[in-house]
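Participant:
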Amino acid sequence: MTKILIVAEHSGGKLNPSTAKCVACASKIEGAEIDIAVLAADAAAVATQAAAIAGVKRVLKVENAANAEPLAALLAPQVAALAANYTHVFGPSTTFGKDLMPRVAALLGVGQLSDVMAVESAYRFRRPVYAGNAVITVEAPQDKKLVLTVRTASFQAAPEGGSAAVEAANVSAELPTHTRFVGRSAAATGRPDLQTASRVVSGGRALGSADNFKIIYSLADKLGAGVGASRAAVDAGYAANDLQVGQTGKIIAPELYIAIGISGAIQHLTGIKDARTIVAINKDAEAPIFEVADIGLVGDLFTILPELEKALG
Amino acid sequence: MSKILVGLKRVVDYNVRVRVKPDGTGVVTEGVKMSINPFDEIALEEALRIKEKGGASEVIVASIGPADTQQQLRTGLAMGADRAILVQSDSPIEPLAAARVFLKLIEKEAPQIVLLGKQGIDDDNNQTGQMLAALWNRPQATFASKVELEGDKAKVTREVDAGLETIEVDLPAVLTTDLRLNEPRYVKLPDIMKAKKKPLETLALADLGVDAASQFKALKYEPPAARSKGIMVKDVSELVAALKQKGLV
């Protein structure tokens with residue numbers, strides 16, 4: 093019997109949509125029983141949201157003042173203790189899950205499958221390697237617990253409509269004191285979150301400066317879109333690190349992705365290949381971005397963008 | 180004074196367009212340029228800067244791989260590492276096994292800091308540092324974009340989805356690097372000559388007594404599904420019309 097534990101990602105009392113995507117991935121395994129663990133100082137609000145995801149059987153609340161911030165070194169021993177009753181442990185392939193899940197796996201003495209993009213069976217999955225230049229089908233042994241992270245861009249969030257039982261779970265695990273949370277600086281932009289936005293406008297090196305990058309924000313606001321950036325633009329300081337899209341940044345799957353002044357290195361393309369429609373605007377007609385774009389326009393972005401904004405009313 | 184242990188993985192160079200073998204058994208690596216994993220180069224650069232500021236007495240680079248991995252370790256020595264350890268293994272090993280090997284090296288060298296890249300750009304696993312920290316029962320500070328040492332503590336700024344997060348960890352600890360931690364130095368010719376004289380120790384994986392068996396079986400490699408070629412428009416009004424046709428604006 094396949095029993096899957098999903099580690100909920102949340103902050104500020106809100107469940108991250110990555111959790112419902114993990115449920116969607118887990119639901120692809122026939123007959124799987126799916127539980128969600130919410131580790132928090134006060135788990136009530138998040139547990140209620142998790143219980144509403146369709147397909148979830150139970151939500152386990154693990155409340156501890158030490159769980160106020162998602163520190164992998166503290167969460168991992170608790171997740172590993174909970175894992176005793178499960179055959180599989182899933183987490184999202186976000187920075188939260190990437191940090192936590194390998195630590196859980198090692199505590200359990202098992203390996204991990206990262207970035208699962210498709211499910212073939214309870215022990216057979218597909219995942220990208222080499223920046224998405226290859227996709228491997230991997231088989232895991234059935235006599236070991238399977239820890240994996242879910243490539244969230246590959247799954248539509250499981251819908252609401254569930255009514256899982258919420259239970260308090262007692263976990264006996266020794267928590268280390270060697271790791272302490274200091275602070276977090278998140279730019280409150282008021283724009284849709286890059287990872288879940290249905291539209292994303294992204295800028296590259298061709299923007300030329302942080303000041304010029306403002307035209308990306310302006311177009312994004314016109315479209316109600318999230319903002320992304322290529323690695324080159326982030327490295328050059330035009331945009332913040334959390335906007336980076338690609339192999340080592342965020343992997344996204346919006347309905348509409350507009351790449352502006354982005355040449356389209358393979359490392360960037362791997363982050364957007366699940367986008368429904370890709371629009372590319374670039375002055376270099378030979379840029380690789382046009383190989384994957386559904387709609388391409390060759391020209392100077394500094395001329396095109398003001399026109400486009402105007403045309404959009 | 181304290182040591183820093185840095186992991187260097189030999190991977191297909193960042194600029195190579197990787198292709199799947201026609202028989203689906205892997206990717207083409209014959210005749211392909213191999214380099215230090217870019218994140219590991221950043222890890223080494225950070226270690227060297229810590230040492231240059233007096234925060235460490237020795238920087239040791241270590242790798243697990245075939246005999247040819249000596250090339251990447253020599254490059255690490257040319258960048259400024261003091262000595263190198265190659266754990267020779269002719270077949271690739273999984274991250275958990277790599278973490279077990281590094282734990283053995285830690286037991287031998289007792290470093291204050293272990294610096295690794297956050298992920299190898301070949302398998303894109305992003306696991307080894309976290310697994311090593313778990314096995315070592317020590318802190319992990321992953322995806323570091325800034326490292327500040329204060330005595331036996333490190334304050335590390337991490338690149339996370341929501342922006343930047345800062346944590347404080349007691350040393351010894353495992354740190355993994357993100358792209359913007361630093362810009363690695365270029366190697367100069369005299370340094371390459373000097374590196375040839377630096378010690379490079381080779382250990383056989385089999386002699387370390389770690390369980391390095393693979394847990395996962397790669398059944399096949401395939402190229403990714405290609406996106407179909409789209410249309411080119413000649414101006415903004417055509418672009419807007421195309422977007423409207425798809426119901427996107």
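Order-wise, the sequence lines are chains A and B.
Terminal number for the first sequence in this note's numbering: 405, no gaps in between.
Terminal number for the second sequence in this note's numbering: 428, no gaps in between.
All C-beta atoms in this analysis are idealised placements derived from N, C-alpha and C, irrespective of residue type, glycine included.
Treat the numbers as computed from the prediction; the structure is a model and nothing was measured.
By a C-beta neighbour count over all protein chains shown, 10 Å radius and 16 as the cutoff for buried, is residue 214 of chain B buried or exposed?
Facilitator: With 16 or more Cβ atoms within 10 Å of its Cβ, residue 214 of chain B is classed as buried.
Participant: Since residue 330 of chain A meets chain B, which of its residues come closer than 8 Å, beta carbon to beta carbon?
Facilitator: The contacting residues do not exist; residue 330 of chain A stays about 13 Å from chain B at best.
Participant: To the nearest angstrom, how far is the alpha carbon of residue 418 of chain B from that of residue 398 of chain A?
Facilitator: If you take the alpha carbons of residue 418 of chain B and residue 398 of chain A, they lie about 13 Å apart.
Participant: Could you check the C-alpha separation between residue 358 of chain B and residue 324 of chain B for me, to the nearest Å?
Facilitator: For residue 358 of chain B and residue 324 of chain B, the distance between alpha carbons rounds to 7 Å.
Participant: Given the structure, does residue 386 of chain B come close to the ligand NAD, in the sense that its CB is under 7 Å from one of the ligand's heavy atoms?
Facilitator: With respect to the ligand NAD, the structure shown offers nothing to examine, as it has no ligands at all.
Participant: Out of A:392, A:116 and A:395, point me to the one whose CA is closest to residue 248 of chain A's CA.
Facilitator: Selected option, being the one with the closest Cα: A:116.
Participant: To the nearest whole angstrom, what separates the beta carbons of residue 360 of chain B and residue 183 of chain B, a pair I think is in contact under 8 Å?
Facilitator: Incorrect: roughly 14 Å between the Cβ atoms, too far for contact.
Participant: So, helix, strand or coil for residue 310 of chain B, using DSSP?
Facilitator: Reduced to three states, the DSSP call for residue 310 of chain B is helix.
Participant: Compare the Cα-Cα distances from residue 339 of chain A to each of A:97, A:362 and A:108 and report the closest residue.
Facilitator: For the residues A:97, A:362 and A:108, the minimum Cα distance to residue 339 of chain A belongs to A:362.
Participant: Considering only C-alpha positions, which residue in the set B:379, B:423 and B:402 is nearest to residue 261 of chain B?
Facilitator: Of the candidates B:379, B:423 and B:402, the one whose C-alpha sits nearest the C-alpha of residue 261 of chain B is B:379.
Participant: Shorter than 8 Å from the beta carbon of residue 404 of chain A to some beta carbon of chain B?
Facilitator: It does: the Cβ of residue 404 of chain A has a partner Cβ on chain B nearer than 8 Å.
Participant: What does residue 150 of chain A pair with, by DSSP beta-bridge criteria?
Facilitator: Looking at the DSSP assignment, residue 150 of chain A forms a beta bridge with A:127 and A:257.
Participant: Quick one: measure Cβ to Cβ for residue 263 of chain B and residue 240 of chain B, integer angstroms, because I've assumed they're closer than 8 Å.
Facilitator: Correct: roughly 5 Å between the Cβ atoms.
Participant: Below 8 Å on the Cβ atoms is my contact criterion, and I expect residue 282 of chain B with residue 311 of chain B to pass it. Report the Cβ-Cβ distance as a whole number of Å.
Facilitator: Rounded, the Cβ-Cβ distance is 6 Å, consistent with contact.
Participant: Below 7 Å on C-beta distance, what does residue 208 of chain B contact in chain A?
Facilitator: Here the premise fails: no neighbours, minimum Cβ distance about 11 Å.
Participant: Looking only at its chain, what residues have a beta carbon closer than 6 Å to the beta carbon of residue 210 of chain A, apart from the 5 residues adjacent to it on each side?
Facilitator: Once the five neighbours on either side are set aside, the close Cβ partners of residue 210 of chain A are 218.
Participant: Do you know offhand how far residue 158 of chain A's Cα is from residue 166 of chain A's?
Facilitator: Their Cα atoms are separated by approximately 7 Å.
Participant: Report yes if the C-beta distance between residue 265 of chain B and residue 242 of chain B is below 8 Å; otherwise report no.
Facilitator: Yes, the Cβ-Cβ distance between residue 265 of chain B and residue 242 of chain B is below 8 Å.
Participant: Report the residues of the stretch 322-356 of chain B with a CB closer than 7 Å to any CB of chain A, ordered along the chain.
Facilitator: Under the 7 Å Cβ criterion, the stretch 322-356 of chain B contributes 322, 324, 334, 338, 339, 340, 341, 342, 343, 344, 345, 346, 347, 348 and 349.
Participant: How about residue 350 of chain A and residue 293 of chain A: are their beta carbons less than 8 Å apart?
Facilitator: Yes, the Cβ-Cβ distance between residue 350 of chain A and residue 293 of chain A is below 8 Å.
Participant: Would you decide whether residue 396 of chain A is buried or exposed? Buried here means 16 or more other CB atoms lie within 10 Å of its CB.
Facilitator: It counts as buried.
Participant: Rounding to the nearest angstrom, what Cα-Cα distance links residue 219 of chain B and residue 201 of chain A in this structure?
Facilitator: Between residue 219 of chain B and residue 201 of chain A, the C-alpha separation is close to 25 Å.
Participant: Quick check on residue 182 of chain A: does DSSP put it in helix, strand or coil?
Facilitator: In this structure, residue 182 of chain A counts as strand in the three-state DSSP scheme.
Participant: When Cβ atoms are compared, which residues of the stretch 154-183 of chain A fall closer than 8 Å to chain B?
Facilitator: For the stretch 154-183 of chain A, which is checked against every Cβ of chain B, the residues closer than 8 Å are 163, 164, 165 and 168.
Participant: With 8 Å as the threshold, decide whether the Cβ of residue 276 of chain A is near any Cβ in chain B.
Facilitator: Judged by the 8 Å Cβ criterion, residue 276 of chain A is in contact with chain B.
Participant: With three or more C-beta pairs closer than 8 Å as the rule, is the stretch 295-304 of chain B touching the stretch 190-209 of chain B?
Facilitator: At 8 Å Cβ cutoff, the stretches touch.
Participant: Whole angstroms are fine: how far does the CA of residue 275 of chain A sit from the CA of residue 388 of chain B?
Facilitator: Straight-line Cα distance between these residues: approximately 41 Å.
Participant: What does a CB cutoff of less than 7 Å around residue 350 of chain B pick up in its chain, not counting 5 residues either side in sequence?
Facilitator: Cβ neighbours of residue 350 of chain B beyond the five flanking positions: 291, 292, 331, 332 and 333.
Participant: Whole-angstrom Cβ separation of residue 174 of chain A and residue 263 of chain A, contact assumed at under 8 Å?
Facilitator: About 6 Å separates the two Cβ atoms, so the contact holds.
Participant: How would you list, in chain order, the residues of chain B whose beta-carbon sits under 9 Å from the beta-carbon of residue 342 of chain A?
Facilitator: Ordered by position in chain B, the residues that pass the 9 Å Cβ test against residue 342 of chain A are 340.
Participant: From A:184, A:129 and A:330, pick the residue whose C-alpha is nearest to that of residue 300 of chain A; which is it?
Facilitator: When only C-alpha atoms are compared, the closest one is A:330.
Participant: Taking 8 Å as the threshold, find out whether the stretch 222-238 of chain A comes into contact with the stretch 116-134 of chain A through three or more Cβ pairs.
Facilitator: No contact exists between the stretch 222-238 of chain A and the stretch 116-134 of chain A.
Participant: Kindly list, in the order they appear in chain A, the residues whose Cβ is closer than 9 Å to that of residue 416 of chain B.
Facilitator: Here the neighbours are 399 and 403.
Participant: So does the stretch 193-208 of chain A actually touch the stretch 364-382 of chain B, counting three or more Cβ pairs closer than 8 Å?
Facilitator: Cβ pair count under 8 Å is below three, so no.
Participant: How should residue 319 of chain B be labelled, buried or exposed, when 16 other C-beta atoms within 10 angstroms of its C-beta is the threshold for buried?
Facilitator: Result: buried.
Participant: Quick one: is residue 233 of chain A near chain B, going by C-beta distance under 8 Å?
Facilitator: By this cut-off, residue 233 of chain A is an interface position.
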